[in-house]
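Just so you know, the protein sequences line up as chains Z and D, in that order.
Take the first sequence: its letter number 90 is residue 203 in my numbering, and every next letter is one higher.
Take the second sequence: its letter number 289 is residue 429 in my numbering, and every next letter is one higher.
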Amino acid sequence: MIGEDDVRYVAKLARLRLDPDEVARMAAELAKILAHIGKMSELDMTGVPPTAHVLDVVNVTRPDKPRPSLSRADALRNAPAVSDDCFRVPRMG
Amino acid sequence: MPALDPLRLTARVAKRLLVDGEISSAELTKVYLDQIAAVEGHVRAYIRVTYDNAAKYSTKVDREMQAMRGPLAGLPIAIKDNMVTEGVTTTCASRILHDYMPVYTATAVRQVWDDHVVMLGKTNLDEFAMGSSTENSSYQTTRNPWDLATVPGGSSGGSAAAVAAGEALWALGSDTGGSIRQPAALCGTVGMKPTYGAVSRYGLVAFASSLDQIGPLTRSVYDCALLLQHIVGYDPNDATSVALPEPVALPDAERLDGLRVGIPAEYLAVGIEPGVRARFDETIARVEELGGNCVEISLPHTEYALPAYYIIAPAEASANLARFDGVRYGYRCADPVDLLDMYERTRGEGFGPEVKRRIVIGTYALSAGYYDAYYGRAQKVRTLVRRDFERAFADVDLIASPTSPSVAFKAGSRTADPLSMYMCDICTIPVNLAGLPAISIPCGLSDGLPVGFQLIGPAFSENRILQAAHALEGAIGFAPAPTFCDSGADAACLGAHAGTEAQE
Chain Z
114 MIGEDDVRYV
124 AKLARLRLDP
134 DEVARMAAEL
144 AKILAHIGKM
154 SELDMTGVPP
164 TAHVLDVVNV
174 TRPDKPRPSL
184 SRADALRNAP
194 AVSDDCFRVP
204 RMG
Chain D
141 MPALDPLRLT
151 ARVAKRLLVD
161 GEISSAELTK
171 VYLDQIAAVE
181 GHVRAYIRVT
191 YDNAAKYSTK
201 VDREMQAMRG
211 PLAGLPIAIK
221 DNMVTEGVTT
231 TCASRILHDY
241 MPVYTATAVR
251 QVWDDHVVML
261 GKTNLDEFAM
271 GSSTENSSYQ
281 TTRNPWDLAT
291 VPGGSSGGSA
301 AAVAAGEALW
311 ALGSDTGGSI
321 RQPAALCGTV
331 GMKPTYGAVS
341 RYGLVAFASS
351 LDQIGPLTRS
361 VYDCALLLQH
371 IVGYDPNDAT
381 SVALPEPVAL
391 PDAERLDGLR
401 VGIPAEYLAV
411 GIEPGVRARF
421 DETIARVEEL
431 GGNCVEISLP
441 HTEYALPAYY
451 IIAPAEASAN
461 LARFDGVRYG
471 YRCADPVDLL
481 DMYERTRGEG
491 FGPEVKRRIV
501 IGTYALSAGY
511 YDAYYGRAQK
521 VRTLVRRDFE
531 RAFADVDLIA
541 SPTSPSVAFK
551 AGSRTADPLS
561 MYMCDICTIP
571 VNLAGLPAIS
581 IPCGLSDGLP
591 VGFQLIGPAF
601 SENRILQAAH
611 ALEGAIGFAP
621 APTFCDSGAD
631 AACLGAHAGT
641 EAQE
């Protein structure tokens, strides 16, 4: 059963700040949702292979040739902060 | 210029009027811009209407008709705001992409732009396409033109409402678990999810990459085929795109002779509203009248599809949405003390409640100790759901079901209970898990609100689906008549003829 500690732990993994109200609400909601999802455990899955993807295509590659890509200016166009033609971020904690 | 009713005009007819010189693209585009002016304040289907672009580009198409002649030239279209459009902001209805200005264009959009369609604007959606009512938009709640107190469905609710309200001739949407078909059903339009891989996902902001697919929302099955023709195809920029084995054909069938249609018992056991069930049964009777043979079939793992979906889709979403971190684009929180603080607050402030919920579910399902119990198990259920369909299609050509268990519901009535909202997609989700094509067509009304009829086919059977849907559509004779009334308010209706008044 998922509790508030689990929600806080998972939110940390996901780099997602939740306020205490959100943590409490989400723990309650997720408990209900996961109870429904738990229905899957009724099934005997012995010998059933997983499906990650429905298409019958594997290892799609393209020729390893240089080609034009996004310009530096375009890549930086939407950045919240830029310095010296690079993405600027706050210091590490 | 002939009188045009934006609530009823199809792309097929509009195209003929354009080609015959009876109307210009500028005149046609103005019909929709006028209808937007008349009803958008109530429907709120668009996040952004590109008035200037639409007026200028339609005039350009008229002026250069010789050079720009093409099968879609001059026909106005609305685009769901999760497909990137160079030079036009793309928000995914999320605060985190508030002012995002794409520097490239999604392949499917590029394809219709190259055919010289006129873009009317970008339509509203549930944030990052997560939802079934369009109420999860960070910007506005779109209302259903058949009853302004109800939702249009979702997540492509803006596209469906725009088409239903005569605010667009047709539209593009995306479907991860029913996000084209369910809003099409609730708004009384046609909506199709093609086979996974048939339409490039390049430039579709990823929600669940193994499930997402772009498709048309239109006023007729013929229009659906016409638009689909121009968005399918292999795209080197999408490693999961494939070429259709045969080109999409424009449907002309009037009969269903010899067509074997399976009706899955499990889909009718999930709390289908009586009014929806009645319209479904009548439509099945029409299938028989047209020469089709309907048989009951079983898709035994149906009840496990929803649980599997609510692991797989959030798991993929939690990975896809990791890119929104305040570094390269989008929202960044104010005054972060360090990098971690910036990541966490940017995402905490930038994402809405449903997106956060799914990120947490997905991260939980993928985390150490839970992976096998949830994600691994869900992938195996996915195999079982696929096998159900494979077995069924050994005996039948198509599968029929209601698209949604209910008609449009009141805004706010399901937002407090996420699970009740997830149940909206119980008849559509298995199709995405199996990567199959499916269409929803309107099959009548229940309590004055549209009911959708879903036809599902084997992979790459788009033409079979379109032919059958076209024949059925002719027999049903559904007449779109959104009232623009608000059953929850005393205010006067806008009137069924809001559209015709706007074009005098």
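Ideal Cβ placement from N, Cα and C applies to all residues, glycine included.
Neighbourhood of residue i by C-beta distance below 7 Å, restricted to the same chain and skipping five residues each side
i        : result
Lys170/D : none
Leu344/D : Asn222, Met223, Ala246, Ser314, Asp352, Ile354
Gly116/Z : Ala140
Thr543/D : Arg321, Gln322, Ala325, Cys567, Thr568, Ser580, Gly592, Phe593, Gln594
Lys155/D : Leu215
Gly411/D : Pro545
Tyr342/D : Ala246, Thr247, Asp375, Asn377, Asp378
Beta-carbon proximity check, residue i vs residue j, cutoff 8 Å
i        : j        : result
Gly645/D : Ser381/D : Residue 645/D is absent from the model: chain D starts at 141 and stops at 644.
Arg426/D : Leu612/D : yes
Leu260/D : Ile320/D : no
Pro385/D : Ala365/D : no
Ala532/D : Phe593/D : no
Trp286/D : Gly328/D : yes
Asp221/D : Arg400/D : no
Ile424/D : Ala127/Z : no
Arg94/D  : Ser278/D : Chain D is shown from 141 up to 644; residue 94/D falls before or after that span and cannot be answered.
Met114/Z : Ala137/Z : no
Ala346/D : Val183/D : no
Glu267/D : Pro242/D : no
Val123/Z : Lys520/D : no
Arg485/D : Pro476/D : yes
Asn191/Z : Gly490/D : no
Tyr186/D : Glu180/D : yes
Pro570/D : Ser601/D : no
Ala548/D : Leu585/D : no
Ala348/D : Glu456/D : yes
Leu265/D : Tyr449/D : no
Pro440/D : Asp512/D : no
Beta-bridge partners of residue i, as assigned by DSSP
i        : result
Arg188/D : Lys262/D
Lys220/D : Thr263/D
Asn433/D : Arg400/D
Phe268/D : Answer by DSSP bridge pairing: none, since Phe268/D is not bridged.
Lys550/D : Thr290/D
Ser541/D : Gln594/D
Asn284/D : Asp287/D
Cys199/Z : Ser196/Z
Thr225/D : Val228/D
Contacting residues, own chain, Cβ-Cβ under 6 Å from residue i (five flanking each side not counted)
i        : result
Leu189/Z : Val195
Thr651/D : In this structure chain D extends from 141 to 644, so residue 651/D is not present and cannot be described.
Ala609/D : Val361, Ile579, Ile581, Leu595
Gly431/D : Arg395, Leu396, Asp397
Met141/D : Ile163, Glu167
Below-8 Å beta-carbon distance, residue i vs any chain A residue
i        : result
Pro193/Z : Of the protein chains in the structure, Z and D, none is chain A.
Cross-chain neighbours of residue i in chain D, by beta carbon under 7 Å
i        : result
Val202/Z : Val467, Leu479, Met482
Lys145/Z : Leu559
Asp187/Z : Val243
Met114/Z : Going along chain D, no residue has its Cβ under 7 Å from Met114/Z, so there is no contact; the nearest lies around 12 Å.
Chain D residues whose Cβ lies nearer than 8 Å to that of residue i
i        : result
Gly206/Z : Val477, Asp478, Leu479, Leu480, Asp481
Pro163/Z : Gly516, Gln519, Lys520, Arg522, Thr523
Asp119/Z : Tyr504
Within chain Z, the residues that residue i reaches when beta carbons sit closer than 7 Å
i        : result
Val507/D : A quick correction: the sequence has Ser, not Val, at residue 507/D. Ordered by position in chain Z, the residues that pass the 7 Å Cβ test against Ser507/D are Val123, Leu126.
Val382/D : Leu168, Val170
Ile697/D : With chain D represented from 141 up to 644, any question about residue 697/D goes unanswered, as that position is not in the structure.
Ile501/D : Leu143, Ile146
Partner residues on chain Z for residue i, Cβ-Cβ distance less than 8 Å
i        : result
Thr316/D : Residues of chain Z passing the Cβ test: none, with the nearest at roughly 13 Å.
Glu443/D : Lys152
Pro376/D : Arg175
Ala379/D : Val170, Val173
Contact list for residue i against chain D, beta-carbon separation under 9 Å
i        : result
Glu142/Z : Arg497, Asp557, Pro558, Leu559
Arg190/Z : Met241, Val243, Tyr469
Arg130/Z : Cys473, Asp481, Tyr483, Glu484, Arg485, Thr486, Arg487, Gly488, Glu489
Residues of its chain near residue i, where Cβ-Cβ distance is below 8 Å and the 5 sequence neighbours each way are ignored
i        : result
Asp202/D : Ser164, Ser165, Ala166, Gly214
Pro211/D : Lys155, Asp255, Leu366, Gln369, His370
Chain Z contact residues for residue i, given Cβ-Cβ distances below 9 Å
i        : result
Tyr336/D : His166, Val167, Leu168
Review point. At which residue ranges does the region 288-373 of chain D contain complete alpha helix (DSSP H) runs of 4 or more residues, listed in the order of the chain?
Key: Annotation note: the region 288-373 of chain D contains the following uninterrupted alpha helix (DSSP H) runs of length 4 or greater, listed N- to C-terminal: 297-304, 321-327, 361-369.
Practice item. Scan the region 426-510 of chain D and note each continuous beta strand (DSSP E) run of 3 residues or more that stays entirely inside, going in chain order. Key: 433-437
Check your understanding: Which whole runs of the alpha helix (DSSP H) in the region 563-629 of chain D are 4 residues long or more, in chain order?
Key -> The region 563-629 of chain D contains these whole alpha helix (DSSP H) runs: 569-574, 602-616.
Check your understanding: At which residue ranges does the region 130-166 of chain Z contain complete alpha helix (DSSP H) runs of 4 or more residues, listed in the order of the chain?
Key -> Within the region 130-166 of chain Z, the runs of alpha helix (DSSP H) that reach at least 4 residues and sit entirely inside it are, in chain order, 133-150.
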